[in-house]
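Working notes, structure below.
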Amino acid sequence: EVTETVIEIVLNAAELDIFEAELVTDSGERVSGAVNLDVETERATITLAEPVQAGIHTLNITFAGILNDKLRGFYRSTFQDDRGNQHVIATTEFEATDARRAFPCWDEPEFKAVFTITLIVDEGMTAVSNARIIEESSLDNGKRQVEFADTMKMSTYIVAFIVGPLSATMPIDVDGVPMRVVCVPGREHLTPFALEAGAAALRFFTTYFGIPYPGDKIDMIAIPDFAAGAMENLGCITFRETALLVDTSRASRLQMERVAEVIGHEMAHMWFGDLVTMKWWNGLWLNEAFATFMESLFVDDFRPQWERWVGVSFAKSSAIGVDSLNTTRAIEFEVRSPTDAEEMFDVLTYYKGGAVLRMLEQHIGPQVFRKGVSDYLNKHAYGNAETTDLWDALDAVSDQPVRSLMDTWIFQAGHPVVQVETTDDQTVKFTQQRSRYLNETTDNTMWSIPIVLRARVDGRLHNDRILLSKKSDSVAIPGKFEWVVANAGSTGFYPVSYSPDLLRRITENITELDALERHALINDSWNACLAGQMDLTEVTLIVELMRADTDPNVWRSLVIPIRALDHLATDEDRGVVHDLARWVSAPNFERLGWEATSGESEQDATLRSLVIGTLGALGGDESIRKSSIERLHQYLIDPSSLDPELVSVVQMVGAASNDRELYELIRRRINDSSLAPQDTVIALQALASFTEPELVDRTLSMLLTEEVRSQDAPYALVAMIARHENGSRVWGWLEDNWDSALTRFPDNSIDRVVGGITGRFDPELLARADTFLERHPVPHAAKSILQTRERMKVNVNFYNCNVGAVHRLLSQ
Numbered sequence: 001e002v003t004e005t006v007i008e009i010v011l012n013a014a015e016l017d018i019f020e021a022e023l024v025t026d027s028g029e030r031v032s033g034a035v036n037l038d039v040e041t042e043r044a045t046i047t048l049a050e051p052v053q054a055g056i057h058t059l060n061i062t063f064a065g066i067l068n069d070k071l072r073g074f075y076r077s078t079f080q081d082d083r084g085n086q087h088v089i090a091t092t093e094f095e096a097t098d099a100r101r102a103f104p105c106w107d108e109p110e111f112k113a114v115f116t117i118t119l120i121v122d123e124g125m126t127a128v129s130n131a132r133i134i135e136e137s138s139l140d141n142g143k144r145q146v147e148f149a150d151t152m153k154m155s156t157y158i159v160a161f162i163v164g165p166l167s168a169t170m171p172i173d174v175d176g177v178p179m180r181v182v183c184v185p186g187r188e189h190l191t192p193f194a195l196e197a198g199a200a201a202l203r204f205f206t207t208y209f210g211i212p213y214p215g216d217k218i219d220m221i222a223i224p225d226f227a228a229g230a231m232e233n234l235g236c237i238t239f240r241e242t243a244l245l246v247d248t249s250r251a252s253r254l255q256m257e258r259v260a261e262v263i264g265h266e267m268a269h270m271w272f273g274d275l276v277t278m279k280w281w282n283g284l285w286l287n288e289a290f291a292t293f294m295e296s297l298f299v300d301d302f303r304p305q306w307e308r309w310v311g312v313s314f315a316k317s318s319a320i321g322v323d324s325l326n327t328t329r330a331i332e333f334e335v336r337s338p339t340d341a342e343e344m345f346d347v348l349t350y351y352k353g354g355a356v357l358r359m360l361e362q363h364i365g366p367q368v369f370r371k372g373v374s375d376y377l378n379k380h381a382y383g384n385a386e387t388t389d390l391w392d393a394l395d396a397v398s399d400q401p402v403r404s405l406m407d408t409w410i411f412q413a414g415h416p417v418v419q420v421e422t423t424d425d426q427t428v429k430f431t432q433q434r435s436r437y438l439n440e441t442t443d444n445t446m447w448s449i450p451i452v453l454r455a456r457v458d459g460r461l462h463n464d465r466i467l468l469s470k471k472s473d474s475v476a477i478p479g480k481f482e483w484v485v486a487n488a489g490s491t492g493f494y495p496v497s498y499s500p501d502l503l504r505r506i507t508e509n510i511t512e513l514d515a516l517e518r519h520a521l522i523n524d525s526w527n528a529c530l531a532g533q534m535d536l537t538e539v540t541l542i543v544e545l546m547r548a549d550t551d552p553n554v555w556r557s558l559v560i561p562i563r564a565l566d567h568l569a570t571d572e573d574r575g576v577v578h579d580l581a582r583w584v585s586a587p588n589f590e591r592l593g594w595e596a597t598s599g600e601s602e603q604d605a606t607l608r609s610l611v612i613g614t615l616g617a618l619g620g621d622e623s624i625r626k627s628s629i630e631r632l633h634q635y636l637i638d639p640s641s642l643d644p645e646l647v648s649v650v651q652m653v654g655a656a657s658n659d660r661e662l663y664e665l666i667r668r669r670i671n672d673s674s675l676a677p678q679d680t681v682i683a684l685q686a687l688a689s690f691t692e693p694e695l696v697d698r699t700l701s702m703l704l705t706e707e708v709r710s711q712d713a714p715y716a717l718v719a720m721i722a723r724h725e726n727g728s729r730v731w732g733w734l735e736d737n738w739d740s741a742l743t744r745f746p747d748n749s750i751d752r753v754v755g756g757i758t759g760r761f762d763p764e765l766l767a768r769a770d771t772f773l774e775r776h777p778v779p780h781a782a783k784s785i786l787q788t789r790e791r792m793k794v795n796v797n798f799y800n801c802n803v804g805a806v807h808r809l810l811s812q
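Mapping the sequence shown onto my numbering, position 260 (from 1) lands on 260, and the numbers just tick up by one.
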């Protein structure tokens with residue numbers, strides 16, 4: 001659509017050869033165009049042979065490109081069949097700004113269009129796109145033409161087309177919407193759970209939003225090589241194989257939960273993102289944060305026994321960790337370039353964003369929140385919106401100042417810590433200040449904080465709420481209280497710092513706290529310790545107090561301080577750390593043992609795996625290691641011999657033996673096409689757990705070869721860098737192979753690799769890493785690497801403050 005006389009047309013194109021362009025006017029006149037491609041700005045300028053008047057015209061462009069190996073744009077993925085033959089899939093991944101690598105387009109979210117896609121493919125190839133197939137015809141030259149229906153009006157980044165020797169399940173009908181799973185041949189038996197979860201998610205969100213699904217079908221496609229977890233292309237959702245395909249008879253609960261959560265996340269996007277899209281990439285946080293929040297709502301409805309909200313608390317704590325840095329960012333910030341947009345894809349967008357939406361939902365009420373979201377989607381359907389449009393919709397239905405409340409969380413970097421103390425036995429005082437690991441500057445930032453209070457007063461439970469929008473405020477309790485919990489239910493995105501007296505009262509009544517609150521207690525204490533605001537001895541006492549906790553997410557948090565002690569301890573003291581790890585693990589291992597019992601909860605099954613892993617790896621328990629190796633050998637002969645919850649842990653613990661025969665057995669599994677995708681990833685992580693230098697070097701040498709998929713190699717490297725046994729050796733390898741790693745690994749993974757160093761507390765190594773990162777900038781990951789460098793400084797400070805006390809602490 002041309003609105004005024006033009007001589008030039010400018011659109012986006014990258015890594016394309018544009019041969020010719022021609023504009024056909026609304027009157028049928030043909031005007032040729034000369035094309036100039038600017039590589040730096042990723043723009044193609046078409047200079048027309050003569051001016052063109054306003055009107056609706058057609059632009060024809062002839063171009064070509066490559067199927068790249070960078071897992072972005074239009075790229076190639078490969079797989080081997082059971083005979084060892086390699087096959088190629090052509091597939092797409094366009095978010096944020098990579099549609100321009102597949103075809104010239106106006107590659108910005110506000111430029112929406114109806115897409116009509118036709119693919120000409122080899123006979124025998126499966127072709128999939130956003131809409132249903134309306135016609136297929138043979139071209140009598142070994143090719144066939146596949147025409148797809150028009151899409152709804154949508155943005156370029158959710159366009160998709162996939163071609164390859166793929167297999168599709170028979171479609172199931174989900175209230176009139178056909179749904180299939182598409183995968184490589186031979187993996188069809190891994191699709192039933194995805195179809196079950198997909199159907200449940202589609203029904204859940206159709207009901208929740210009160211709006212019919214906007215597409216005409218849903219294909220969920222498992223791609224062997226995929227940089228992210230999944231991508232919300234309308235009607236053509238692409239997934240990493242481990243996020244879609246699962247063998248329910250051999251999968252752990254966490255593996256199935258991962259599949260369900262990713263499906264829920266992407267299905268929520270069909271409405272929130274696809275139907276209504278952000279105007280510009282600064283609003284990307286809301287897309288991803290909302291889908292992150294909604295995935296948990298769905299999973300909690302789909303499998304309530306998984307206690308999803310407790311699991312979410314672990315992800316929230318990782319976001320609080322990043323957000324406690326001076327180098328954190330506001331959730332929403334100005335986006336000027338594709339690099340800025342790429343940097344939106346981090347824990348702050350997903351987990352902090354999702355957590356503050358959960359906090360808002362609980363503050364105004366779930367039904368009110370749901371009504372506001374539905375109104376927002378109806379008003380902006382098939383169009384674009386900004387963050388403030390959602391706040392306005394929620395303002396209207398809640399009769400509360402949602403926008404002013406949320407602005408303090410969205411446009412301000414960091415988060416508050418709420419300090420809680422008593423002025424007498426009937427008054428609780430709350431004070432807020434910015435939470436930081438390193439207090440390098442004075443900060444008077446204020447937030448509007450929804451505080452949910454629960455207390456035991458005169459033998460009865462008392463609940464109260466306060467919106468803390470100033471420095472401090474007090475709440476009167478109607479009676480003498482025994483204990484008080486701020487952030488009850490742990491739905492607020494803020495740590496709580498209790499006065500010594502209140503902390504003592506809470507720990508003496510620890511059974512009064514639910515799992516979310518217990519998780520918050522240990523996580524808040526550990527973060528305060530990292531910031532130098534709580535003594536390591538106090539944290540260790542809380543760990544000892546809660547060692548028999550039966551919730552796996554709480555228990556996983558308890559192990560974090562012990563792991564830090566393992567890094568801080570000298571070789572002389574490390575045996576005491578192992579003793580501590582075994583002592584902390586003992587109550588739950590005595591209760592659970594190795595074997596599952598009839599009728600036990602799924603939480604117990606998950607906890608068993610965590611406890612055995614702690615005993616064998618961190619505790620160095622020789623009997624656990626020996627039993628793990630025996631069970632692993634039996635499992636390799638007969639997979640049914642081992643509880644699926646233990647498959648990963650026996651390999652990780654077995655790796656501690658550094659047995660070379662075992663290394664070879666595990667290595668063969670990383671490319672075994674007969675295994676479920678999760679099993680090959682587990683095998684790679686197990687290889688990363690071997691610590692004998694020669695075996696470490698062998699694993700490292702694999703990471704830059706075709707033996708390990710480029711999408712998986714970074715995760716193995718992260719785990720290897722974080723280990724105190726040989727992390728320095730692995731970091732040295734990364735320095736020596738830096739350019740190769742940047743070339744081979746997906747662009748979105750190098751910051752994760754570097755982030756592995758934040759698990760270390762060695763000042764010499766961290767100083768070396770900091771110098772290297774300063775001299776080797778990565779523009780597309782600049783913010784996250786700055787955060788990593790600051791976290792290294794936090795760790796050095798923690799080491800310097802605590803290393804002298806560790807011996808005294810362990811001797812106690």
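The beta carbon of each residue, even a glycine, is placed where N, CA and C say it ideally should be.
Residue from the options with nearest C-alpha to residue i
i, options, result
"Pro552", "Glu15, Ala131, Gly311", "Gly311"
"Val402", "Asp697, Leu467, Lys112", "Leu467"
"Glu232", "Gly33, Glu95, Leu357", "Glu95"
"Thr491", "Val159, Gly759, Ser628, Tyr351", "Tyr351"
"Ala227", "Arg240, Asp216, Ile221, Lys217", "Arg240"
"Thr92", "Val39, Val35, Asp389, Gly164", "Gly164"
"Val696", "Leu717, Val88, Gly479", "Leu717"
"Gly616", "Gln634, Ala656, Ser601, Glu595", "Ala656"
"Phe103", "Ala21, Asp81, Arg132, Gln145", "Ala21"
"Ala476", "Asn463, Asn60, Ser469, Ala713", "Asn463"
"Asn658", "Asp672, Glu110, Thr691", "Thr691"
Cβ shell of residue i (< 8 Å), same chain only, five flanking positions each side left out
i, result
"Val554", "Val310, Ala515, Arg518, His519, Ile522, Met546"
"Leu377", "Phe209, Ile211, Trp271, Phe272, Leu275, Val276"
"Leu765", "Gly727, Ser728, Trp731, Ile757"
Local conformation of residue i per DSSP, three classes
i, result
"Ser657", "coil"
"Phe161", "strand"
"Lys143", "strand"
"Thr691", "coil"
"Thr91", "strand"
"Val554", "helix"
"Tyr635", "helix"
"Ile56", "coil"
"Lys793", "helix"
"Val681", "helix"
"Tyr494", "coil"
"Ala49", "strand"
"Ile612", "helix"
"Asp643", "coil"
"Val594", "Looking at the sequence shown, residue 594 is not Val but Trp. Coil at Trp594, not helix or strand."
"Thr743", "helix"
Paired residues, beta bridge with residue i - DSSP
i, result
"Asp38", "Arg43"
"Gly73", "Glu93"
"Ala230", "Phe239"
"Asn12", "Arg43, Cys105"
Sequence-distant residues of the same chain with beta carbon closer than 7 Å to residue i, five excluded per side
i, result
"Pro416", "Gln432, Gln433, Arg434, Ser435, Trp447, Ile449, Tyr494"
"Asp250", "Residue identity check: residue 250 is Arg in the sequence provided, not Asp. Excluding residues within five positions, the ones whose Cβ falls inside 7 Å are Pro639, Pro644, Ala676."
"Tyr799", "Leu568, Phe761, Pro763"
Cβ-based neighbour list, residue i, same chain, cut-off 6 Å, excluding 5 preceding and 5 following
i, result
"His394", "Note that residue 394 corresponds to Leu in the displayed sequence, not to His. Within the same chain, Leu394 has close Cβ partners Gly372, Val402."
Within-8 Å CB hit, residue i to chain D
i, result
"Gly33", "The question asks about chain D, but that chain is absent: this structure has only one protein chain."
Unbroken alpha helix (DSSP H) runs of length 4 or more, entirely within the stretch 250 to 320: which are they? Entirely contained in the stretch 250 to 320, the alpha helix (DSSP H) runs reaching 4 residues are, in chain order, 253 to 269, 284 to 302.
**OP:** Could you tell me which uninterrupted beta strand (DSSP E) segments, each at least 3 residues in length, are contained entirely in the stretch 401 to 471, listed from first to last along the chain?
**Re:** The qualifying runs are 416 to 424, 427 to 434, 449 to 457, 460 to 468.
Where in the stretch 750 to 774 do unbroken runs of the alpha helix (DSSP H), each at least 4 residues long, occur, reported from the N-terminal end onward? Counting only runs of 4 or more, we get 750 to 755.
Worksheet entry | Contained alpha helix (DSSP H) runs [length at least 4] in the stretch 521 to 565, N- to C-terminal order | Complete alpha helix (DSSP H) runs here, min 4: 536 to 545.
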